[in-house]
Amino acid sequence: GAVVSQHPSRVICKSGTSVKIECRSLDFQATTMFWYRQFPKQSLMLMATSNEGSKATYEQGVEKDKFLINHASLTLSTLTVTSAHPEDSSFYICSAPRAGVIGELFFGEGSRLTVL
Amino acid sequence: KQEVTQIPAALSVPEGENLVLNCSFTDSAIYNLQWFRQDPGKGLTSLLLIQSSQREQTSGRLNASLDKSSGRSTLYIAASQPGDSATYLCAASNSGGSNYKLTFGKGTLLTVNP
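If you read the sequences in order, they're chains B and H.
Residue numbers for the first sequence follow the numbering used here, beginning at 171 and rising by one.
Residue numbers for the second sequence follow the numbering used here, beginning at 78 and rising by one.
Rendered as structure tokens:
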């Protein structure tokens with residue numbers, strides 16, 4: 171089946187620094203990728219939709235300047251948490267549909283961010 | 078705005094028992110509905126995908142049903158095993174194409190005791 175890889179799986183950083191998380195589709199192309207955030211015992215909340223070759227679409231309430239998204243190629247999207255604060259500590263998960271196939275998303279393993 | 082609710086929030090059963098997880102959604106005009114499994118600290122594994130025109134899908138010991146009119150879906154797990162212990166998430170999409178997005182429930186934490 172389709173595989174989506176995220177890196178790093180865990181990251182600890184100091185408050186005020188920036189952290190980049192990568193999401194790669196390993197065996198298929200993805201013109202769109204989705205970034206989710208999950209707090210403990212809560213559902214996944216869609217943060218933004220990453221579009222290859224164009225600007226990302228952010229959900230209401232998500233700060234564009236804080237969560238920078240870049241979709242540089244058909245297999246790579248990155249999420250950069252800028253000037254991280256402890257409240258940004260969360261589990262971030264990306265997902266991608268296979269290009270041209272509607273209806274099923276493949277998820278990465280997630281990235282646990284801890285901001286000290 | 079679509080809202081997805083899952084009941085119960087947690088469930089503990091002895092090994093071998095058959096069980097049902099429930100999912101309800103407020104907007105019945107869904108495109109499809111998916112059930113996922115999430116192990117602690119991990120990403121999501123897709124279990125079953127039901128298109129809006131379908132009533133159920135089966136995979137091994139899993140069977141998912143969809144009743145759009147009542148806004149409900151159930152995930153039936155037969156002969157549960159300790160390895161089935163995980164959080165099960167239900168997610169609904171209201172559109173396909175470039176607007177394909179999933180709305181998730183909070184999940185049901187399942188524990189199957191040996």
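Idealized CB from N, CA, C, for every residue including glycine.
Residue contact check for PHE181 of chain H against chain B: a CB pair falls below 7 Å. The residues ALA218, SER220 and ILE239, in chain order, have a CB closer than 6 Å to that of ALA226 of chain B in the same chain once the five nearest residues on each side in sequence are set aside.
Counting along the chain, ASP258 of chain B sits inside no beta strand (DSSP E), nor does DSSP assign it H or E at all. PRO267 of chain B carries a strand assignment under DSSP once its states are collapsed to helix, strand and coil. Runs of beta strand (DSSP E) with 3 or more residues, each lying fully within the segment 85 to 154 of chain H, are found at 87 to 91, 96 to 102, 109 to 115, 121 to 128, 133 to 136, 139 to 144 and 149 to 154, listed in chain order. Cα atoms of LEU152 of chain H and PRO178 of chain B: separation of roughly 32 Å, rounded to the nearest angstrom.
Contact residues of the segment 219 to 247 of chain B toward chain H are THR219 (C-beta to C-beta distance below 8 Å). In this structure LEU275 of chain B is buried. Its beta-carbon is surrounded by 16 or more other beta-carbon atoms within 10 angstroms. The beta carbons of ALA155 of chain H and ASN95 of chain H sit closer together than 7 Å.
One finds PHE113, GLY120, LEU121, THR122 and SER123 in chain H with Cβ atoms closer than 8 Å to the Cβ of PHE277 of chain B, taken in chain order.
Relative to the Cα of TRP112 of chain H, the nearest Cα in the group H:PRO191, H:PHE181 and H:LEU187 belongs to H:PHE181.
Taking 8 Å as the upper bound for CB-CB distance, SER253 of chain B and LYS183 of chain H are not in contact here, some 29 Å apart. For ALA163 of chain H, DSSP records a beta bridge to H:LEU187. Straight-line spacing of the CA atoms in LYS211 of chain B and SER185 of chain B works out to 24 Å. The beta carbons of ILE191 of chain B and LEU286 of chain B sit about 17 Å from each other, so the pair does not count as a contact at 8 Å.
Between ARG114 of chain H and LEU125 of chain H, the C-beta spacing is not below 7 Å. The three-state reading of DSSP puts SER247 of chain B in strand, counting E and B together.
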